[in-house]
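See below for the structure under consideration.
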Amino acid sequence: MDVLNSDTGLDPEIPFDRLLNFRDVGQTVNTFVGKEFLRPGQLFRSSRPDECTPSDCEKLTSSIGLRAIIDLRTDTELRRQAAKYKTDPSVPEPAKLPGVTYYHINLNGKGYQNAVVAQLSWPAYIQLIFLYMGGYRIEMINLIAKHVLLKRGLVGLAVDTVTACGAEIRAMFEILQDESNYPVLLHCTQGKDRTGLTVLLVLMLLGVPSEAIDHDYRKSDESQSQEADERRRELSAINTGLGDLFARTAPDFVEKVTGEVNDKYGGIRDYLLSIDVNDDMQRRVKSLLISSG
Numbered sequence: 001m002d003v004l005n006s007d008t009g010l011d012p013e014i015p016f017d018r019l020l021n022f023r024d025v026g027q028t029v030n031t032f033v034g035k036e037f038l039r040p041g042q043l044f045r046s047s048r049p050d051e052c053t054p055s056d057c058e059k060l061t062s063s064i065g066l067r068a069i070i071d072l073r074t075d076t077e078l079r080r081q082a083a084k085y086k087t088d089p090s091v092p093e094p095a096k097l098p099g100v101t102y103y104h105i106n107l108n109g110k111g112y113q114n115a116v117v118a119q120l121s122w123p124a125y126i127q128l129i130f131l132y133m134g135g136y137r138i139e140m141i142n143l144i145a146k147h148v149l150l151k152r153g154l155v156g157l158a159v160d161t162v163t164a165c166g167a168e169i170r171a172m173f174e175i176l177q178d179e180s181n182y183p184v185l186l187h188c189t190q191g192k193d194r195t196g197l198t199v200l201l202v203l204m205l206l207g208v209p210s211e212a213i214d215h216d217y218r219k220s221d222e223s224q225s226q227e228a229d230e231r232r233r234e235l236s237a238i239n240t241g242l243g244d245l246f247a248r249t250a251p252d253f254v255e256k257v258t259g260e261v262n263d264k265y266g267g268i269r270d271y272l273l274s275i276d277v278n279d280d281m282q283r284r285v286k287s288l289l290i291s292s293g
């Protein structure tokens, strides 16, 4: 992976032992466009960093100088990861890096959940209520998967997130406007969908060509076959039918999401203004991530 600065001293092919789908977003974009468009070494993305080895942690803190981590996972995902550590001695305790500020933004929070549930038919919605009252969580997930998630797909759900999760997206930009949070790492579970969407929005703001945004997004398929296989197993275990659909990137993800932002809102600036990311915040993010060279 050509994802790290040449001066980090990290192996460019295998930079980490147990941190998957990691890359320097700025360096990835710069390599693709053939010039220093963004400042490398500032914005990173990855899958969940919970099981980093001591060597991985040392690379993140000393070699990269990481100052902040933005975790986009749900509360359920965090509890599940903590439970894995408690029940399986082979799973290491979630790593906490010294000197790093942790931010939790549940990108699939109430706004997203309401947007998904609103797409159920009345019969399905009534069925969902009864399942909820009975505590049938797996059956609820299967119902929503069948009636909404499979139909919307990764692209449709990303569009729903753009529309319904303005507060969460604004919270991310609030962090990214603060120079003290750099270098910063964005991640979810796989580092593919939620991370891919948030990085896409940042790169749109920075004026990165859509082809370069797509290149960065699609690199997740190269970087995380192990994580994708685990995701398939998790989804297959609860019979959602989402395994293959959600395990890899969507070919038209960047085209459709950027098109939605441009067509519905008139562009990234106006979209961000609509969720209270004002021009000053946008300028600060640009000044921190766009190369001055």
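Quick note on full-length UniProt numbering: the sequence shown kicks off at 1 and runs consecutively. Glycine included, C-beta positions come from ideal geometry on N, C-alpha and C.
Rounded Cβ spacing between residue i and residue j (contact assumed at less than 8 Å)
| i | j | result |
| --- | --- | --- |
| V155 | A250 | 5 Å |
| R284 | Q177 | 4 Å |
| L206 | L38 | 6 Å |
8 Å Cβ cutoff met for residue i and residue j
| i | j | result |
| --- | --- | --- |
| I290 | V254 | no |
| Q27 | P40 | yes |
| I169 | I70 | no |
| T198 | E77 | no |
| A164 | Y132 | no |
| V107 | T161 | Per the sequence shown, residue 107 should be read as Leu rather than Val. For L107 and T161, yes; Cβs fall inside 8 Å. |
| residue 310 | Q127 | Missing from the structure shown is residue 310; the chain here goes from 1 to 293 and no further. |
| L272 | F173 | yes |
Beta-ladder partner(s) of residue i, from DSSP
| i | result |
| --- | --- |
| F44 | D24 and L185 |
| A68 | T101 and V184 |
| residue 303 | Since the first residue of the chain shown is 1 and the last is 293, residue 303 is not available in this structure. |
Pairwise C-alpha distance: residue j and residue i
| i | j | result |
| --- | --- | --- |
| T8 | D280 | Its pLDDT being 44, under 50, T8 is placed unreliably by the model, and nothing is read from it. |
| R152 | D221 | 21 Å |
| K256 | K96 | 36 Å |
| E179 | L288 | 7 Å |
| V184 | R73 | 16 Å |
| C57 | F22 | 13 Å |
| M204 | D216 | 12 Å |
| S292 | Y182 | 16 Å |
| G135 | I129 | 10 Å |
| V277 | S62 | 32 Å |
| L20 | D50 | 11 Å |
| L60 | S47 | 14 Å |
| I64 | V202 | 20 Å |
| K286 | L150 | 36 Å |
| residue 338 | M140 | Since the first residue shown for the chain is 1 and the last is 293, residue 338 is missing from the structure and cannot be characterised. |
| Q282 | D193 | 23 Å |
| Q42 | T258 | 23 Å |
| K146 | A247 | 17 Å |
| R80 | D263 | 38 Å |
| N30 | E36 | 5 Å |
| V25 | D270 | 24 Å |
Pick from the options that is closest to residue i, judged by C-alpha positions
| i | options | result |
| --- | --- | --- |
| Y265 | G166, I129, P209 and K219 | G166 |
| H98 | V261, A68 and N142 | Before going on, a small fix: residue 98 reads as Pro here, not His. Answer by Cα proximity: A68. |
| L66 | T76, R80, Y102 and L78 | Y102 |
| A171 | D263, H104 and T163 | H104 |
| E260 | E174, A158, L206 and G196 | A158 |
| F32 | S210, T258 and K192 | S210 |
| T195 | R79, I138, I268 and K219 | K219 |
| P54 | A247, D24 and R18 | R18 |
| D75 | C52, K110 and V100 | K110 |
| W122 | L143, G34 and G191 | L143 |
Min CB distance residue i to chain B below 8 Å
| i | result |
| --- | --- |
| S62 | The displayed structure is made up of one protein chain only, and chain B is not part of it. |
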